Amino acid sequence: MKKKYLVLADGEIGTVNLENYLTYDLRQGHKSKEIMDIYEVENPALCSTVREWIISHEPDAIIVVGRSEEYLWVATIVARLFGQFNSWNEQRSNPFGKTVIKVAGKDVELIAIESLSDWGYVDETLR
12 MKKKYLVLAD
22 GEIGTVNLEN
32 YLTYDLRQGH
42 KSKEIMDIYE
52 VENPALCSTV
62 REWIISHEPD
72 AIIVVGRSEE
82 YLWVATIVAR
92 LFGQFNSWNE
102 QRSNPFGKTV
112 IKVAGKDVEL
122 IAIESLSDWG
132 YVDETLR
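Counting from 1 along the sequence shown, just add 11 to a position and that's the residue number in my numbering.
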């Protein structure tokens with residue numbers, strides 16, 4: 012059975028071969044400097060939109076691309092959507108983050124990378 016991987020990012024996904032992945036732009040056209048402000052202040056309704064999109068796709072793993080000035084990895088948004096606020100404890104000095112979140116009762120790997128140039132960590136982790 013083929014695994015389902017979602018790739019979410021702060022903006023449009025760039026130049027990596029993502030033909031086997033579903034992609035989603037977490038920014039959704041908002042211009043705030045800090046992406047977390049979009050979800051916490053500007054458009055909190057986006058939280059349920061993204062959460063439902065993720066649930067509807069029943070992923071086996073979620074990869075989030077992007078760096079947050081305040082929260083290190085943009086993946087913090089996804090962790091928060093599923094009730095995990097401190098997913099990156101003890102990982103802040105690592106080149107990527109990895110945790111497991113519950114999506115509709117299923118354990119799903121959540122991998123955080125800063126940029127597409129870090130994609131090798133994803134390949135290594137999902138083997």
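C-beta: ideal position from N, C-alpha, C; glycine also. None of the values given here were measured: they were computed from a predicted structure.
Go through its chain and collect everything with a Cβ distance to residue i's Cβ below 6 Å, but skip five positions before and after it.
{"i": "Ile49", "result": "His41, Ser43"}
{"i": "Arg78", "result": "Glu125"}
{"i": "Gln102", "result": "Gly108"}
Based on Cα-Cα distance, which residue from the options lies nearest to residue i?
{"i": "Cys58", "options": "Arg91, Ser128, Leu83", "result": "Arg91"}
{"i": "Glu135", "options": "Met47, Gly77, Gly108", "result": "Gly108"}
{"i": "Ile24", "options": "Ile88, Gln39, Ser98", "result": "Gln39"}
{"i": "Ser128", "options": "His68, Leu17, Val75", "result": "Val75"}
{"i": "Trp84", "options": "Leu17, Tyr16, Asp21, Lys14", "result": "Asp21"}
{"i": "Asn31", "options": "Val119, Tyr82, Ile46, Lys15", "result": "Lys15"}
Straight-line CA distance for residue i to residue j?
{"i": "Lys117", "j": "Glu80", "result": "30 Å"}
{"i": "Asp142", "j": "Val119", "result": "Nothing can be reported for residue 142, as the shown portion of the chain is limited to 12 through 138."}
{"i": "Val89", "j": "Asn105", "result": "19 Å"}
{"i": "Tyr82", "j": "Phe96", "result": "10 Å"}
{"i": "Ala56", "j": "Lys13", "result": "32 Å"}
{"i": "Ser98", "j": "Thr110", "result": "6 Å"}
{"i": "Thr60", "j": "Tyr35", "result": "11 Å"}
Would the beta-carbon of residue i fall within 7 Å of that of residue j?
{"i": "Ala86", "j": "Leu37", "result": "no"}
{"i": "Ile73", "j": "Leu17", "result": "yes"}
{"i": "Ala115", "j": "Ile66", "result": "yes"}
{"i": "Leu176", "j": "His68", "result": "Any answer about residue 176 is impossible in this case: the structure gives the chain only from 12 up to 138."}
Looking only at its own chain, which residues have a Cβ that is under 7 Å from the Cβ of residue i, when we skip the five neighbours before and after it?
{"i": "Lys113", "result": "Phe93"}
{"i": "Val133", "result": "Ile74, Ile122, Ile124"}
If I measure Cβ to Cβ from residue i and keep anything under 8 Å in the same chain, skipping five residues before and after, which residues do I get?
{"i": "Glu53", "result": "His41, Ser43"}
4 or more residues per run - each alpha helix (DSSP H) lying fully within the region 41–71 | If only complete runs of 4 or more residues are kept, the region 41–71 shows the alpha helix (DSSP H) at 56–68, in order along the chain.
Unbroken stretches of the beta strand (DSSP E), 3 residues or longer, contained in the region 94–120 = 108–114
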